[in-house]
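Beneath this line is the structure, given in structure tokens, with notes to follow.
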Amino acid sequence: MGFPEDDVISAMDRCGPNASIPELADSIYAAQTAKAAGIEDSEALRLSSSESSYDDEFETEPSDYYSILPPSPENQNWGKRPFHEKKRKWDELSHGKKKRTKQPNSIERKKWVEKPIGTHKKEWEWTGEPNWIGSNWNNASVLRRAGVTEPKMLGFGIPSMPDIVTSRFIPETAMGPPYFYFENVAISKKGTWETFSRFLYDIEPEFVDSKYFSVARRKRGYIHNLPIEKRSPLLPIPPLTIQEALPFTKEWWPSWDTRTKLNCILGCTGSAQLTERIRKALVSCNGEPSFETQKYVMEQCKKWNLVWVGLNKVAPLEPDEIEPILGFPKYHTRGGGSSRTERLRALGNSFQVDTVAYHLSVLKPLFPSGLTVFSLFTGIGGAEVALYRLGIPFKAVVSVEISEVSRTIFRNWWAQTNQKGVLLEIEDVKQLTNDKLQHLVSSFGGFDLVIGGSPCNNLSGCNRVTRDGLEGKHSSLFFDYFRILDVIKCIMAKRSKYSSHN
DNA sequence: GTGAAGATGAAGGCTGAA
DNA sequence: TTCAGCCTTCATCTTCAC
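For any residue, its number in this note's numbering is found by taking its place in the first sequence, counting from 1, and adding 800.
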């Protein structure tokens, strides 16, 4: 995360051996902020590591001050005070004033629960208040109380229902420049998204299932400070059912396979041995398969996203078929020495372009002459493809991606599409020290958009071995996303202040 | 030695009934 | 409101073929 070793050791001393990475990061951040504000380390140490000292100051606040939903076993985390508030306290101390985000009172929270979700915007429109519509915090019982029979991950709106949420509150500290956009898996270890939100300036996440944008499900959360009004989808609207997206399967699709959507496209695929087992099981039935056989085949087909390519013959999707489903041009990942396995892995880790483009579409009228983009964890360039398909030109892209395969794919796309802007490639986020970031901001004149989805390896439900949450080896890189974004914001704010004085 | 294929559950959310 | 059963999931590790 780029913290000096001494600061880390001090934080470990303060927080104890069992402290989580977020706790340590907060403690380091608080100490650094205090130091910058000229406050004695001893006081910083006391306030950053002592929950009681914080509570004393806000003792008049209700215990569920930060709760969005009513107290329940499902939302207990929201009764806890965010780490980010501790960090903010040091901002307040250094500036001599408090900055508090207005939170809904008990009557407003009750109103949220009682109003039907997804009926009409005016019925549950909030003026500057958090709104967790479509989030994975919406447990089934809360939704049923609210009159929702089928939980949906609609975010702040989808092309067919654009007015689900028409306004939302963005804390002053979160406002740009630059705009930023963060993405990760929606369903992960408990508390993960609370941490994401806490670090990313307490912005309300937007949870969207890409099944509304494509044939495949893809439940993802997004935190950004972009406007949410007047979004527009990419055209043409991609096919939304399996048989529209993969018409060659129609001929062989059995009536008892009722799927119309694909499940999430992952980084690995079903094996040839599995499809052969399925074929033999079906052939042995001599006609209509038994209920048990149907059940077995359906389980495997759903698990591995298998489609019908012949009589009794199922097969996994090939990279060339996945690319358009995810919104990439066909053969986007082909060539450049990448194997089928590498292509599948790269695609499984990428954005769903149509979904992201819908959110980014608001940038087009704001930046008619083009964008300067800081792209973290670029992968195969999902964000850049989305912006390109929206018709937004690039002034420059600083791309950070550790995978050589992904870098090659992205570089080839950049050349193939005759991009006129500057492309600067950086391999590792760890290389981005404060000095380096200062240099980049100066060189490019600041950035309009900081975008990226940090690795989800340790968050994904697919991971059976190292599902360690945000403390995992890969997923802890989220803190680098935050670090880099925060440094860029600070540098740009200073530049803006300096230029306005002159 | 290298890369591809195959085998490996559990966590968290959803659903429906009591 | 609770709970049991069901469904889904940006992966990792070992084995095997070359």
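Quick reminder that beta carbons are idealized off the backbone N, C-alpha and C, glycines included.
Quantities reported herein were computed from a predicted structural model and do not represent experimental measurements.
query = In terms of DSSP beta bridges, what is I1226 paired with?
reply = V1200
ask   = Between K911 and N1149, what straight-line distance do the alpha-carbon atoms span, to the nearest angstrom?
value = Reliability of the predicted coordinates at K911 is poor, the pLDDT of 29 falling under 50, and the value obtained from them is presented with this limitation in mind. The straight-line gap from Cα to Cα measures roughly 39 Å.
ask   = Can you find at least 3 beta carbon pairs, one from the stretch 1047 to 1067 and one from the stretch 1086 to 1105, that sit closer than 8 Å?
value = yes
request  = Starting from R1020, trace the alpha helix (DSSP H) both ways and give me its first and last residue.
outcome  = Where R1020 is concerned, there is no enclosing alpha helix (DSSP H), although the beta strand (DSSP E) it sits in stretches over K1019 to H1024.
DSSP state of I1322 mapped onto helix, strand, coil = Any answer about residue 1322 is impossible in this case: the structure gives the chain only from 801 up to 1302.
request  = Compute the distance between the beta-carbons of L1259 and S1275, then report whether it is under 8 Å.
outcome  = yes
message = Closest to I1078 by C-alpha separation, out of L1106, Y979, Q1231 and T1141, would be which residue?
response = L1106
request  = Would you give the residue range spanned by the alpha helix (DSSP H) that K1103 belongs to?
outcome  = F1091 to W1104
message = I'd like to know whether the C-beta atoms of T1075 and L1082 end up nearer to each other than 8 Å.
response = no
message = If distances are taken between C-alpha atoms only, which option among L954, V985 and Y1298 comes closest to C1262?
response = V985
message = Restricting to Cα atoms, I'd like to know which of E1006, H1239 and I1251 is closest to A1186.
response = I1251
query = Any idea what DSSP makes of W1056, helix, strand or coil?
reply = coil
Per-residue DSSP class, three states only, for F803 = coil
query = With 16 as the cutoff for other CB atoms within 10 Å, does S1175 come out buried or exposed?
reply = buried
query = Straight-line CA distance for V1229 to L1237?
reply = 11 Å
message = Give me, in chain order, the residues of the same chain whose beta-carbon lies closer than 8 Å to that of Y979; leave out the 5 immediate sequence neighbours on both sides.
response = H1024, N1025, L1026, L1163, D1248, L1249 and V1250
message = Within 8 Å, do at least three Cβ pairs link the stretch 994 to 1005 to the stretch 1027 to 1039?
response = no
inquiry  = Please return the same chain residues whose Cβ sits closer than 8 Å to the Cβ of T1217, not counting the five positions on each side in sequence.
reply    = Y1188
inquiry  = Which residue wins for smallest C-alpha separation from F1282, given the options S967, R998, S827 and A811?
reply    = R998
message = Quick check on K748: does DSSP put it in helix, strand or coil?
response = Limits of the chain in this structure are 801 at one end and 1302 at the other, which puts residue 748 out of reach.
Whole runs of the alpha helix (DSSP H) within the stretch 973 to 1004, excluding any shorter than 4 residues = 992 to 999
inquiry  = What would DSSP say about T1233, mapped onto helix, strand or coil?
reply    = coil
task = Report yes if the CB atom of G1179 is closer than 8 Å to the CB atom of A1196, and no otherwise.
result = no
ask   = Comparing alpha-carbon positions, which option in G1070, W993 and P1039 lies nearest T1310?
value = Limits of the chain in this structure are 801 at one end and 1302 at the other, which puts residue 1310 out of reach.
key: G1135 to S1203 span [Cα, whole Å]   = 15 Å
query = Under the three-state reduction of DSSP, which class applies to M790: helix, strand or coil?
reply = Missing from the structure shown is residue 790; the chain here goes from 801 to 1302 and no further.
Distance CB(M1108)-CB(P1116) smaller than 8 Å = Contrary to the premise, residue 1108 reads as Trp rather than Met in this sequence. No; because the gap between Cβ atoms is not below 8 Å, this pair is not in contact.
Top-ranked residue by Cα proximity to P962, from G976, R1211, I1209 and Y1158 = Y1158
ask   = Who are the Cβ neighbours of S1169 in its own chain at under 8 Å, not counting the five residues just before and after it?
value = P1193 and K1195
message = If I follow the unbroken alpha helix (DSSP H) through L1147, where does it start and stop?
response = R1140 to G1148
ask   = Under the DSSP definition of a beta bridge, which residues are partnered with E1006?
value = Y1022
message = Taking the beta carbon of R1264 as the centre, do at least 16 other beta carbons fall within 10 Å, making it buried, or is it exposed?
response = exposed
ask   = Below 8 Å between beta carbons: does that hold for T1119 and L1160?
value = First, the residue type needs correcting, since residue 1119 is Pro and not Thr in the sequence shown. Their beta carbons are not under 8 Å apart, which means P1119 does not touch L1160 by this criterion.
request  = Below 8 Å CB to CB, which residues in the same chain sit around V1241 once its five sequence neighbours on both sides are set aside?
outcome  = F1247, I1288, I1291, M1292 and R1295
Beta-bridge partners of F1194, as assigned by DSSP = L1171
ask   = Just curious, the beta strand (DSSP E) that G1249 is in, first and last residue?
value = According to the sequence displayed, residue 1249 carries Leu and not Gly. Element bounds for L1249: L1249 to G1253.
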